[in-house]
Each structure stands twice: as C-alpha cells, then as structure tokens.
Amino acid sequence: MAWGPDRWRFYRLVGREVARVARAASARLTAPPDVLARVKVTGLVIAPHDLRTADATFADDMYAGLFVFAGRSLAASGGSPFDYAPPSPEWAEVLYGFGWLRHLRAADTALARANARAFVADFMAGRGDPVLARRTPVAARRLISFLCQSPLVLEGADHAFYQAFLKAVARGAQQLERDLRRGVPPQWRLLAAVALCYAGLCCEGIQPILRRATRILSRELDRQILADGGHRSRDPHFAMELLLDLLPLRQSYLSRNVEPPAALIGAIDRMLPLLRLLRHADASLSHFNGMGATAADQLATLLVYDGALARPLMHAPNSGYERLEAGRVVVVADVGPSPPLPYSLNAGAGCLSFEMSSGPLRIVVNCGLPASGPDLRRIARSTAAHSTATIAEASSCRFLGPGGWWAEDVAADWLIRRLGPAVLRGPRTVNSQRTETEEALVLAGRHDGYGPDFGIVHERRWTLQADGARLDGLDNFLRSPGREGTRLRPQEVAVRFHLHPAIAVRAVPEGLELASPLGEVWLFAAEGASTTIEESVYFAGLTGARRTDQIALHLRVAADTAVTWSFTRLAAAPGRPAA
152 MAWGPDRWRF
162 YRLVGREVAR
172 VARAASARLT
182 APPDVLARVK
192 VTGLVIAPHD
202 LRTADATFAD
212 DMYAGLFVFA
222 GRSLAASGGS
232 PFDYAPPSPE
242 WAEVLYGFGW
252 LRHLRAADTA
262 LARANARAFV
272 ADFMAGRGDP
282 VLARRTPVAA
292 RRLISFLCQS
302 PLVLEGADHA
312 FYQAFLKAVA
322 RGAQQLERDL
332 RRGVPPQWRL
342 LAAVALCYAG
352 LCCEGIQPIL
362 RRATRILSRE
372 LDRQILADGG
382 HRSRDPHFAM
392 ELLLDLLPLR
402 QSYLSRNVEP
412 PAALIGAIDR
422 MLPLLRLLRH
432 ADASLSHFNG
442 MGATAADQLA
452 TLLVYDGALA
462 RPLMHAPNSG
472 YERLEAGRVV
482 VVADVGPSPP
492 LPYSLNAGAG
502 CLSFEMSSGP
512 LRIVVNCGLP
522 ASGPDLRRIA
532 RSTAAHSTAT
542 IAEASSCRFL
552 GPGGWWAEDV
562 AADWLIRRLG
572 PAVLRGPRTV
582 NSQRTETEEA
592 LVLAGRHDGY
602 GPDFGIVHER
612 RWTLQADGAR
622 LDGLDNFLRS
632 PGREGTRLRP
642 QEVAVRFHLH
652 PAIAVRAVPE
662 GLELASPLGE
672 VWLFAAEGAS
682 TTIEESVYFA
692 GLTGARRTDQ
702 IALHLRVAAD
712 TAVTWSFTRL
722 AAAPGRPAA
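In the numbering used here, the protein residues as written are 152 to 730.
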C-alpha cells in the first residue's frame, strides 16, 4: 500500500522523538552525578506568594469529604481522596498537584491546617497512584504548591513531620532534575525549570541547583515565548497559568537578593499585553487552542501587573491572533497555523474562527475546552466546535488519537503516550492582513488546511464599521494552488457561528434576531447559503457545559464559491446610545 503524506510525516515525527530520547540517554551516561544527590534540604527560607485566588468554602467541602476538581467531583466518605479511583485524568492532575491547598489556607482555621497536614501526610506515606503523581507537570505543580503553602502545612507540625516534609521537597526537586536530563517535552521542561528555580530560592541546602535551573529557565523562555508575547503552543490557558508562576518567581529572586534573569523579565513584559488582546469586556479570554473557562479574578490579578490603564495589543503576528475594536464591539480572530507538534496537545482546528462581544455581552463564541473528559475535549478541538467553516464535516487538522490508520501501530501508540493527542497535520500556510481606515477596520485571512484532502482554500474577511454598529463577513472557498482549472468533487460546507448561552435567537423576515438579557438586539443576515438555527454546546461555562444555539450556513461547493454575512445592531442596551 502506498504511503501518503500523513504517514511519511508521522514516521518522521517518530524518528525525531526516538532520536531525542536517545540523545537524552547518551547525555545522562556522560553527565555528572545529580546535584541533589550530594545535598540535603535543611530548611525553608521563604514562602512565595500564590497569586491564584482562593475560596475558603472549598475547605468546608473537603472536610466533608467532597473534592471538586476540573469539573468533576468525588465523595471520599470520610476517607482519603488518594484511596479512590480518580473520576478523570484532569481531576487526578489537580489532586496530585496540591494547588488546592490554597483554599485550606484561605479558611485560616486550626481545622483547615490539620486537614492540610493530614492530606500531605497521606501523600508522603505513599497513598495514591504513583504513576499519576510522577508525571513531570504534576510533580512541578506539587513542588511549587508545597513551597508556597508551607506556612499552612507546617504551622503547628511536630519535628518529625517537618523533616518528612523537607525530604518530600528534596525528592520532588530531584525527580524534576532527572526529568530535565531525561529529555521530556518542551512545555514540561519549562514547568520543571520554573519549579526548580522556586526550590533553589526557597530552600536551604540545594542552592547549587539554582544556577543550572536558571540557565534552563532562561533558555526555555527564550525558545518558547514568542516576540509578541504568545507561547508557542498558542494556548492562552497555558500562558495564563505560566504567568501566575513567573510573577511570584520574579519576586522570589528579588527577595533573596538575586538578580532575576533577563529572559524572565522580558517574557513577563511581553506576555501581559497579549492577554489583553485576547480579553473581552466580560473579563474572560477568547476560546482558542486550549482555553476553557476563565478565572476572571486571576486574570484581573495578572493584568494589574501590566498597568490598569494599559491598552491591549491589537496585532500578534507571531502568535496568530488579531483584535478588532470599535465602539463597544470587540472581535478576536485566530489567523495562525497549528503549533509545532510537541506544543499542540490542546490545540484546536479553529483557523479563521472568531469571537465577538459587545460591551460585557458575548455574542459569537467558540465552544471552548472542557475542564475534563478526553472524549469531550477531542470534540471541542474539532473545527465544528469553532465559529468558522467546516468542509464535509471534517476538521482542518488531523489529530493523533483513537482511530485512524495508526490504531494498531506500535510506534503510534508509543508516540501518542509520549506526546498525547497532538496535531499531526494542520494548516501550514496561513496568511492574514489588516487595514484600518476612518470608516472601518478590515481583517482578511486564508488557510490551506483543507487543501490536501479536498483541494479547497478557505478565505475569510471581517469588516468592522468604525462605530461598532455592524460587522460584515465574507467567506470564499477557492481551488487550492495547482488545482485551478480542475474539476473538484462537490463538498458540503457549513459556516458556523456558535452563540453564547445568554443570547436568544429567533427567525424574522430580515434574517435572525439575536437578543441579549441586557436588551441589546442584533440582526444576522446572510447571502449565498441556507441559514438554520441548530443546537450547540458551550463547554467553557464556569459551571460546566451548557446548551446553546448556533447559526449554520449550509452550501455546496463545487467551484469557487462565496457567502456573505453580517451582524447589525438594531437596538442598544437600555441607558446606552445606539450607534
């Protein structure tokens, strides 16, 4: 059987990963002994501030045996949560990461402190699943959590517990040091380096690791944080979580009278403006490439460091995001290619998708990534879960995972276990251009994600009027380069606009009327396709998945075809002038 481009690409990826593992193994054979094998944690010097907000009511739930993490819950019935099977992999990552200790600290009671010590003691005694706890990002989060929450855990503890805790910190640091030597994926390297820098600054006795960890941190930040402030994964959630660790780390360097590395300061300064680009007026981030529900209070905390009056970035060419803003209306669009495979674990097939808001009201959204559930997360990453065009119900990206020709392939199984459900193939050529005049803001983009399978290039143009009262769109479906003059097999195309659950939609003679709870009314109209209202799901709700609606434009593409659409404001919210 002839091998297609995907198969060749896949086995080149396998070869590169095997070579990476072999290089790491060779380096370990010639490397000096682990620094941590020669030192011992003798005490804690500082406890960094945890910027993540805490809710003391969680402490009551935990005391009652209820553990709600990553959108799933477990009732421990008076036992330890480490003795139960996790309800989802994401729930387990949160449990073994111990970031939830901050909620017990917020309760500030003797009972909460005793509870915290009991949970940490359970883990140190070996209860739970060592495989789940061993994963590099989980171990890095746990080390940072132990150091940040050490005042909670150690207040009132006896000497034996204190010594056991220091040994657990040392073991965690030693594990991460070995992971770095082993050649883990790039995002894991960055997280491990951050955690080791925390350890080197907070602990007495393991300062020798600080210089090495700082070098690795600087190198990975320079590699992974792009010039416009985005992370190479294009994942806003990862960037936000990373910043929540980098800001206290910078302060920890200063607290120890150690100069923070220039790469750390530069990364923070670049990353904060990009979050503003992705932010809507309802204090949430746009749902692209791994972003689910936004912890609005944590985002607000981060943006304080960027200055309360700072203006958002409008153009992020390296990260592939654009922002159009006029009046009260904000449009944020994904005009970037798929991230490199090692960074694409949460990437979505949402090229040329967009979100639109008017003031605090979200109108057009993407479905967002759910907090838990491999099957739901796979659906949420599909093109159909984004406000863009889908051809033949296929995604513009090919994902590693269940199904496909690699289902029985041993090499594929190894690669998937190592890298997760990454993007094997996605749009490779993505172009965008924006122009601004006194009358309108115009953004145009195109991608070739459907070229290999269907011979079609998707082009989209957004035109936002200067007063924010109207957004016009144009979707073109063109023959791929080299296919001009050839006959294409007709394909069914759906152009989707997922609506926020707060939006009520109904058909009117002029098109579709979109009404918000605030009293604002918009009219949607389209030409060149049949318009339907269909069911959708909003995965990014703070309380979990919610039913919502989507507008779908259906057309059949057999030659170069165009469809136009528009959103026009008919009535402003009460108390606000109509544009």
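The beta carbon of each residue, even a glycine, is placed where N, CA and C say it ideally should be.
Within 10 Å of its beta-carbon, does residue i have 16 or more other beta-carbons around it, so buried, or fewer, so exposed?
{"i": "residue 168", "result": "buried"}
{"i": "residue 152", "result": "The predicted model places residue 152 with a pLDDT of 36, which falls under 50 and marks its position as unreliable, so this point remains unresolved."}
{"i": "residue 583", "result": "buried"}
{"i": "residue 320", "result": "buried"}
{"i": "residue 193", "result": "exposed"}
{"i": "residue 641", "result": "exposed"}
{"i": "residue 405", "result": "exposed"}
{"i": "residue 261", "result": "exposed"}
{"i": "residue 681", "result": "exposed"}
{"i": "residue 362", "result": "exposed"}
{"i": "residue 365", "result": "buried"}
{"i": "residue 444", "result": "buried"}
{"i": "residue 671", "result": "buried"}
{"i": "residue 164", "result": "buried"}
{"i": "residue 269", "result": "exposed"}
{"i": "residue 589", "result": "exposed"}
{"i": "residue 698", "result": "exposed"}
{"i": "residue 208", "result": "exposed"}
State the start and end residues of the unbroken alpha helix (DSSP H) segment that holds residue i.
{"i": "residue 431", "result": "Here residue 431 belongs to no alpha helix (DSSP H), and DSSP marks it neither H nor E."}
{"i": "residue 245", "result": "240-248"}
{"i": "residue 283", "result": "281-285"}
{"i": "residue 406", "result": "387-406"}
{"i": "residue 602", "result": "602-605"}
{"i": "residue 271", "result": "261-275"}
{"i": "residue 257", "result": "252-258"}
{"i": "residue 445", "result": "Run containing residue 445: none; DSSP gives neither H nor E here."}
Quick one, which of the options has its alpha-carbon nearest residue i's?
{"i": "residue 442", "options": "495, 462, 198, 232", "result": "495"}
{"i": "residue 669", "options": "208, 655, 463", "result": "655"}
{"i": "residue 368", "options": "388, 413, 353", "result": "413"}
{"i": "residue 245", "options": "219, 386, 351", "result": "219"}
{"i": "residue 430", "options": "472, 263, 243, 404", "result": "472"}
{"i": "residue 632", "options": "243, 580, 595, 497", "result": "580"}
{"i": "residue 566", "options": "578, 543, 577, 552", "result": "552"}
{"i": "residue 346", "options": "386, 223, 395", "result": "395"}
{"i": "residue 357", "options": "191, 714, 541", "result": "191"}
{"i": "residue 239", "options": "226, 230, 221", "result": "221"}
{"i": "residue 711", "options": "644, 703, 284, 275", "result": "644"}
{"i": "residue 524", "options": "211, 166, 243, 210", "result": "243"}
{"i": "residue 254", "options": "204, 233, 285", "result": "204"}
{"i": "residue 703", "options": "206, 619, 572, 541", "result": "541"}
{"i": "residue 266", "options": "344, 705, 214", "result": "214"}
{"i": "residue 686", "options": "647, 486, 621", "result": "647"}
{"i": "residue 679", "options": "597, 439, 717, 427", "result": "717"}
{"i": "residue 432", "options": "411, 439, 457, 463", "result": "463"}
How would you write the range of the beta strand (DSSP E) that residue i sits in, first residue to last?
{"i": "residue 676", "result": "672-678"}
{"i": "residue 648", "result": "642-650"}
{"i": "residue 206", "result": "First-last for residue 206: undefined, no H or E at that position."}
{"i": "residue 623", "result": "621-630"}
{"i": "residue 582", "result": "581-587"}
{"i": "residue 576", "result": "574-576"}
{"i": "residue 379", "result": "Looking at the DSSP string, residue 379 is not in any beta strand (DSSP E), and its letter there is neither H nor E."}
{"i": "residue 667", "result": "Here residue 667 belongs to no beta strand (DSSP E), and DSSP marks it neither H nor E."}
{"i": "residue 234", "result": "No beta strand (DSSP E) holds residue 234; DSSP gives it neither H nor E."}
{"i": "residue 714", "result": "712-722"}
{"i": "residue 702", "result": "697-708"}
{"i": "residue 596", "result": "591-598"}
{"i": "residue 477", "result": "472-477"}
{"i": "residue 686", "result": "681-689"}
{"i": "residue 220", "result": "217-220"}
{"i": "residue 278", "result": "Here residue 278 belongs to no beta strand (DSSP E), and DSSP marks it neither H nor E."}
For chain B, is any of its Cβ atoms less than 8 Å away from the one on residue i?
{"i": "residue 309", "result": "Absent here is chain B; the protein component of the structure consists of one chain."}
Could you tell me whether any non-hydrogen atom of the ligand HEM is closer than 7 Å to the CB of residue i?
{"i": "residue 306", "result": "No copy of the ligand HEM appears in this structure; indeed no ligand is present at all."}
Within the segment 485-553, ranges of the alpha helix (DSSP H) (whole runs, at least 4 residues): 525-531
Residue ranges of each alpha helix (DSSP H) within the segment 290-365, 4 or longer: 301-305, 310-333, 337-353
Inter-stretch contact at 8 Å, needing at least 3 Cβ pairs: the segment 418-434 / the segment 374-382: yes
contact_flag[the segment 305-314, the segment 326-334] where n(CB pairs < 8 Å) is 3 or more: no
Contact the segment 623-634 vs the segment 603-615: 3+ CB pairs below 8 Å: yes
Any 3 or more C-beta pairs closer than 8 Å across the segment 654-664 and the segment 487-503: no
Cβ contact (3+ pairs, closer than 8 Å) linking the segment 681-698 and the segment 461-481: no
Segment contact, 8 Å Cβ cut-off, at least three pairs: the segment 497-504 with the segment 528-541: yes
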